[in-house]
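Here the structure comes first, spelled out in structure tokens, and everything after it is commentary.
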Amino acid sequence: MFEELKQEKRQLREDLKEERKQMLAELKEERDAKKEELKEERDAKKEELKEERTT
């Protein structure tokens, strides 16, 4: 009985660890996508300003 509880506790801990790792990876992916989107917007604005200055 005691060994079963220890095993279950160990399994739950591993599951939580894996779930946390997956959530962190998803958050990083979302953050990176947002960074890229902002960079593209900034670059587009820079290009637009450059165009306005030359005309």
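Add 267 to a position in the sequence shown, counting from 1, and you land on the number used in this note's numbering.
Just so it is clear, CB atoms sit at the ideal spot from N, CA and C, and this is done for glycine as well.
In the three-state reduction of the DSSP assignment, residue 322 falls in the coil class, being assigned neither a helical nor a strand state.
Rounded to whole angstroms, residue 295 and residue 321 show a C-alpha spacing of 39 Å. Distance between residue 273 and residue 281, taken at the CA atoms: about 12 Å. Residue 286 and residue 312 have their C-alpha atoms some 39 Å from each other.
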